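Inspection log for the structure reproduced underneath, given as C-alpha cells.
In the numbering used here, the protein residues as written are 30 to 384.
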C-alpha cells in the first residue's frame, strides 16, 4: 500500500487534492499534514474525514525536527507539497513569514525525504519508487506584456516577496534533484478558483461582498490579466503529474483562458444578479477601484501545451461554467463563508482594503 504525504491538505487547493486521492485511490494511505493556519480548515474535508485510508496530522513544515519525526513514523512513498503562504498582499506586509514557510519549510521537507528515502549506505538507490511533487505558481515567471505565454523554459523573474519565495523553493527542489538525485517533479499553476476558497482572493471576496452589499475592491484600473484554473481540474492535473510525470521535469498547468480582472468581476456580478434574482446591474454598482498593489504584475498567461501533449491533461469546464459552479457552492455554503470571515480575517480585510 502506497503512503502519500500531502502538505497543506486542509487549504484550498490541498483539500481538493486530498479528496481526489482519498476517493480515487482506496489502496493508498493519504496523510494530510497541515498547520491549520488562517486559510486551513478541516471543514473542507468533512466528507472524507472518516475514510479508512485518510490520516490527518497537525504539524508545521517550518519545524524540521517534527517533520523528520513524521517521515520516520509514517515512511511515505511520495510527497505532494502544497503547504505555503500564498497571498501576495500578505507577503508585502510580512515577507519573513513567506521565507520561513515557502523556503525553509520546503527545504525541511526535502531534507527529510532525502534522509528517509536513502538506503542504509546513504546512496540514492532507495529513491526507487519515490516521488516529491512540488506545487508552485506561474508568478515565479514575472509578468508578460499584451502577448506571449509562460512556458516551462521561461526565465524566472519574480517581483513580489511571495513569488520570490516560491521561486526560491522551486530552485531548491531542482537543486536536490541535480545534486542528490531526489526524484522530483514541479507544477506551476495559474490562478485557481472554486469551492472552499478563502475569501482574501478575488472571486470569493467578491461573492462574499455582493452577498453583504459591500464594495468590490478592484486594484488600479482593473486591466490586470490572469489565466484562471478550476481547482478540481488542478487536482486532476496534480494526480497526472504525480503518477506519470518525468523526474526532474516541470509542467505548467493552466485553464487555457485569460480574463482581465474587471471583465471577470463584471461576469461574476452578472451571474450573481441572476442567481439572486436581482435586477441586472445591481452587483456591478458595488465595483470600487482602489489604490494599486506595489509591484503588481500586468499579465500572467500559461502555455500548458506540455502537460496536454505528454500527459493528456485538459480542463473539464469553461471559466463561465466553473464560475457558475463556484457561485452555487458559496450560495449553499454561506455558513462556511461566515465562519471563515470572522475575527482575524475581518481585521486583515479592513487593513488591506479600507486604508
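C-beta: ideal position from N, C-alpha, C; glycine also. Note that this is a predicted model, so its numbers are computed, not measured.
- C-alpha gap between residue 375 and residue 236, whole angstroms: One-based indexing of the chain shown puts residue 375 at position 346. One-based indexing of the chain shown puts residue 236 at position 207. Low confidence applies here, because residue 375 scores a pLDDT of 47, under 50, leaving its location unreliable and the question unanswered by this model.
- What first and last residue would you give for the alpha helix (DSSP H) that runs through residue 3? Residue 3 cannot be examined here, being either before or after the span of the chain that is shown, 30 to 384.
- Does the distance from the C-beta atom of residue 165 to that of residue 186 stay below 8 Å? Residue 165 sits at position 136 when you count from the first residue of the chain shown. Residue 186 sits at position 157 when you count from the first residue of the chain shown. In this structure, residue 186 does not lie closer than 8 Å to residue 165 by Cβ.
- Message: Using C-beta distances below 7 Å, list every residue in its chain close to residue 382, excluding the 5 sequence neighbours before and after it, in chain order.
- Response: Working through the chain shown from its first residue, we reach residue 382 at position 353. The predicted model places residue 382 with a pLDDT of 46, which falls under 50 and marks its position as unreliable, so this point remains unresolved.
- Pick from 68, 155, 189, 114: whose alpha carbon is nearest that of residue 106? Counted from its first residue, the chain shown places residue 106 at position 77. Nearest of 68, 155, 189, 114 to residue 106, Cα basis: 155.
- Query: Can you name the residues that DSSP bridges to residue 238?
  - Reply: Numbered from 1 along the chain shown, position 209 holds the residue referred to as residue 238. Partner(s): none; residue 238 has no beta bridge.
- Look at the Cβ atom of residue 60, then the Cβ atom of residue 42, and state whether they are nearer than 8 Å. Locating residue 60 in the chain shown gives position 31, where the first residue counts as 1. Locating residue 42 in the chain shown gives position 13, where the first residue counts as 1. No, Cβ-Cβ distance for residue 60 and residue 42 is not below 8 Å.
- Item | Distance, residue 173 Cα to residue 276 Cα | Position 247 of the chain shown, counted from the first residue, corresponds to residue 276. Position 144 of the chain shown, counted from the first residue, corresponds to residue 173. About 28 Å.
- Message: Can you find the residues in the same chain that come closer than 7 Å, C-beta to C-beta, to residue 210, ignoring five residues on each side of it along the sequence?
- Response: Taking the first residue of the chain shown as position 1, residue 210 is located at position 181. Excluding positions up to five away in sequence, the list reads 153, 156.
- Message: Can you find the residues in the same chain that come closer than 8 Å, C-beta to C-beta, to residue 88, ignoring five residues on each side of it along the sequence?
- Response: Numbered from 1 along the chain shown, position 59 holds the residue referred to as residue 88. Cβ within range, chain order: 62, 63, 64, 95, 96, 99.
- Query: Between which two residues does the beta strand (DSSP E) carrying residue 165 extend?
  - Reply: In the chain shown, the residue the question calls residue 165 occupies position 136. It spans 160–166 - the beta strand (DSSP E) in which residue 165 sits, taken as one unbroken run.
- Do residue 162 and residue 294 come within 8 Å of each other at the CB atom, strictly closer than that value? For the purposes of this step, residue 294 is identified with residue 265 of the chain shown, where counting begins at 1. For the purposes of this step, residue 162 is identified with residue 133 of the chain shown, where counting begins at 1. Contact: no.
- Message: By the three-class DSSP mapping on this structure, what secondary structure does residue 279 have?
- Response: If you number the chain shown from 1, residue 279 lands on position 250. If DSSP states are grouped into helix, strand and coil, residue 279 belongs with the strands.
- How big is the Cα-Cα spacing for residue 307 and residue 140? What you label residue 307 is simply residue 278 of the chain shown in a count that begins at 1. What you label residue 140 is simply residue 111 of the chain shown in a count that begins at 1. When rounded, the distance between both Cα atoms is 55 Å.
- Cutoff 8 Å; reference residue 111; Cβ partners in own chain excluding five residues on either side: For the purposes of this step, residue 111 is taken as residue 82 along the chain shown, with counting starting at 1. Counting only Cβ-Cβ distances below 8 Å, and skipping sequence neighbours, we find 35, 36, 37, 38, 40, 42, 43, 46, 164.
- Is it right to say residue 182 is buried, meaning 16 or more other beta carbons lie within 10 angstroms of its own, or is it exposed? Counting from 1 along the chain shown, the entry for residue 182 is found at position 153. So residue 182 counts as exposed.
- Just reading off the alpha helix (DSSP H) that residue 355 is part of, what are its end residues? Reading the chain shown from its first residue, position 326 is the one you call residue 355. 348–361 is the extent of the alpha helix (DSSP H) around residue 355.
- DSSP on residue 148, reduced to helix/strand/coil? Start at 1 with the first residue of the chain shown, and residue 148 comes out as number 119. Coil.
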